[in-house]
Each structure stands twice: as structure tokens, then as C-alpha cells.
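Numbering (my numbering), first residue to last: 64 to 180. Worksheet: the structure to be examined is printed underneath.
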């Protein structure tokens with residue numbers, strides 16, 4: 064019987080040691096860090112680098128000059144010239160929205176390159 068109580072004491076000590084090690088590991092574990100990291104692409108500063116420094120004076124530009132603008136082909140350039148001929152000079156970029164074929168997206172693309180003088 065004495066031998067059994069010695070074995071029980073060893074098992075109790077082993078259990079306490081295991082519990083102590085688990086508590087130690089939990090207490091000293093590094094903080095959790097989220098597993099997912101979101102990367103955002105670098106912003107596009109100028110989607111049309113070939114137009115750096117280009118300013119198109121819209122009221123006096125030729126159709127050929129207007130076609131240099133992104134999203135403006137010969138048809139839209141002709142519509143811009145016809146609008147200016149029929150209604151007079153443009154005073155703001157928003158007036159371009161009155162021209163057939165020019166919407167918000169096109170206006171956003173060409174606005175940085177326009178001058179209204």
C-alpha cells in the first residue's frame with residue numbers, strides 16, 4: 064500500500080507541474096496579431112503621363128487639338144466645336160456635360176487639361 068501512495072504522489076506532482084507549465088505558457092504568450100494584412104495599390108498620380116504640362120484652351124482649340132484629350136475622338140471633338148459655334152464660349156467644365164457623348168467620366172478625365180479663357 065505504501066508503494067501505491069508513492070505512485071499517486073508522483074502523478075499528483077506531474078499534474079501540478081503540467082498545469083504550472085500551461086499557465087506559464089498562457090501568461091507569457093505574445094499578443095495575437097491579425098492573420099490578414101490588407102495591401103492597397105499605390106495611387107496613380109497621373110494616368111496620362113504623356114499629357115504632363117498639356118493645357119488645351121477649349122474655346123479656341125481645333126478639333127485636332129481636342130483629340131489629344133483622353134476619351135475625345137474626332138466625333139466628340141466635332142461636337143465640342145459645334146457646341147461652341149452654336150452657343151458661344153464655354154465658361155466651366157460642367158457645360159461640357161450638355162454636349163452629347165460627354166458624361167461625368169469623360170469630364171473627369173479631361174478636366175485637368177482644360178483652360179477656359
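Even for Gly, the Cβ is constructed at its ideal location relative to N, Cα and C. Remember, predicted model here, so these are calculated numbers, not experimental data.
### Query
What separation, rounded to the nearest whole angstrom, lies between the Cα atoms of residue 123 and residue 153?
10 Å
### Message
Looking at the strands, I want to know which residues DSSP matches up with residue 119.
### Response
177
### Task
With DSSP collapsed to three states, give me the class of residue 95.
coil
### Query
Are the stretch 131–139 and the stretch 172–180 touching by the rule of at least three beta carbon pairs closer than 8 Å?
yes
### Query
residue 64: buried (16+ other C-beta within 10 angstroms of its C-beta) or exposed?
Any reading at residue 64 must be qualified, since the residue scores a pLDDT of 48, below 50, and its modelled position is unreliable; no value is offered.
### Message
According to DSSP, is residue 158 part of a helix, a strand, or is it coil?
### Response
helix
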